[in-house]
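Residue numbers (our numbering): 943 to 1304. Glycine included, C-beta positions come from ideal geometry on N, C-alpha and C. Computed from a predicted structure; not experimentally measured.
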Ligand code: NAD
């Protein structure tokens, strides 16, 4: 029989996007050539680059390619060049549009501190050394999307701002299931974060979490109020394995957890739909201040590719091989400027990518 190989859509975007995606492409090419990775690579336009070429941040050709692809690897979008355009035509709109278009409701943000970089954290070495948390954030519901919303004028002329936090049981259940599945493959512990002491929507969140837990006897479920979770994240972050939470709470907690690692150039992310299709991207932006200078750290993008191999393609072997290649490059002392101690020698974007490629084959 024959089979069609899966396609991966590369969306370089703006700023440092093309430089870091070029390094990920090198890695992909080696995996195709030497490690039996059966995928085809496509490339598309998004963000400012798409605006310049077509007049819109998410052209129809990109939407089509994204719908056909098994997974998407994105660099970053945005930059000063496009900051004066009307809001609905800005580069960032392209990213929001593709996320909602594809129904990517589960946002995975690992906060993993490579021991070689423990001194980059603002917390004490012993609090963060070996840190490995996964934050699962609900991405398409909650207060960021709930109706009614708006600013209304009351009788008497005073204005009132309104947003609504609402979650249906099915929305809670599907994000909980994603989190339980991940916890099952990691340390087997899931902490569901809510505000059930004040919010009814959180009361329902907690009830659904307990119900789903019945299907995962191998995972230990605990609950924590979001204010306490913020405190615990900086007091004793290693107590967490997987954290699952609503859109607003996850937005804040995942940035807090990211900073525990101290290096934005190292942080990958994934956003998944119900079938494991995903958009993978570094947490950082397009870094216009260093674009085109070979200074960008490509590791957040390369580690996003490792997540793609694990979560969409199910190639745990290659994901682990790639992550350990990154570890060995750090062991050798190679550092781009963002993760180098002041005054030490640094490597370029390309040199870092080449080193990962070389480490893959050893
Ligand atoms: P940024 O993440 O682009 O940059 C913040 C700082 O971190 C800068 O000093 C930058 O040089 C540095 N940095 C970021 N990534 C790096 C890397 N890989 N290696 C080395 N250093 C790195 O955030 P910003 O400056 O607030 O935003 C710049 C542009 O990016 C804006 O247009 C913003 O809208 C956009 N943005 C896009 C995304 C995205 O595409 N997902 C996310 C955030 C911001």
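Nearest-angstrom beta carbon gap, residue j and residue i [assumed within contact, 8 Å]
i: residue 887; j: residue 1046; result: No answer is possible for residue 887: the residues shown for the chain start at 943 and end at 1304.
i: residue 1247; j: residue 970; result: 7 Å
i: residue 1078; j: residue 1120; result: 6 Å
i: residue 1150; j: residue 1125; result: Incorrect: roughly 16 Å between the Cβ atoms, too far for contact.
i: residue 1238; j: residue 958; result: 4 Å
i: residue 983; j: residue 952; result: 6 Å
i: residue 1190; j: residue 1084; result: 6 Å
i: residue 973; j: residue 1260; result: 6 Å
Beta-carbon proximity list for residue i, same chain, < 6 Å, skipping 5 on both sides
i: residue 1243; result: 962, 966, 1224
i: residue 943; result: At residue 943, the pLDDT of 49 sits below 50, so the modelled position is not reliable and the matter cannot be decided from this model.
i: residue 1013; result: 950, 1220, 1250, 1254
i: residue 1163; result: 1132, 1155
i: residue 1056; result: 1272
i: residue 1233; result: 957, 958
i: residue 1113; result: 1083
i: residue 1051; result: 1077, 1196, 1211
Neighbour-count burial assignment, residue i, 16 or more Cβ in a 10 Å radius
i: residue 1093; result: exposed
i: residue 1170; result: exposed
i: residue 999; result: buried
i: residue 960; result: buried
i: residue 976; result: exposed
i: residue 888; result: With the chain represented from 943 up to 1304, any question about residue 888 goes unanswered, as that position is not in the structure.
i: residue 1267; result: buried
i: residue 1029; result: exposed
i: residue 1095; result: exposed
i: residue 1173; result: exposed
i: residue 1287; result: exposed
i: residue 1080; result: buried
i: residue 1002; result: exposed
i: residue 1118; result: buried
Residues near residue i by beta carbon distance below 7 Å, same chain, minus five either side
i: residue 968; result: 1295, 1299
i: residue 1058; result: 1272, 1273
i: residue 956; result: 989, 990, 991, 1018, 1019, 1020, 1021, 1033, 1228
i: residue 1205; result: 1059, 1062, 1280, 1281
i: residue 1115; result: 1150, 1154
Contacts around residue i, its chain only, beta-carbon distance under 8 Å, and the 5 residues preceding and following it disregarded
i: residue 1138; result: 1144, 1145, 1147, 1148, 1165, 1167
i: residue 1179; result: 1053, 1065, 1069, 1070, 1073, 1075, 1199, 1202
i: residue 1088; result: 1105, 1106, 1107, 1108
i: residue 1384; result: This structure leaves residue 1384 out entirely; the chain is present only between 943 and 1304.
Short CB-CB distance (under 9 Å) between residue i and chain D
i: residue 986; result: Of the protein chains in the structure, only one exists, and it is not chain D.
Quick one: which unbroken alpha helix (DSSP H) runs of 4-plus residues sit fully inside the region 1166-1191? Chain order, please.
1168-1177
Could you tell me which whole beta strand (DSSP E) segments of length 3 or greater appear in the region 1012-1062?
1013-1018, 1048-1054
Could you name each continuous alpha helix (DSSP H) segment of 4 residues or more that falls completely within the region 1106-1177, going from the start of the chain to the end?
1111-1127, 1142-1155, 1168-1177
Residue ranges of each beta strand (DSSP E) within the region 1190-1245, 3 or longer:
1210-1214, 1220-1224
As an exercise, report each continuous beta strand (DSSP E) stretch of at least 3 residues that is fully enclosed by the region 1065-1114, in chain order.
1074-1080, 1092-1095, 1101-1104
Ignoring anything shorter than 4 residues or poking outside the region 1250-1297, list the alpha helix (DSSP H) runs there in chain order.
1258-1273
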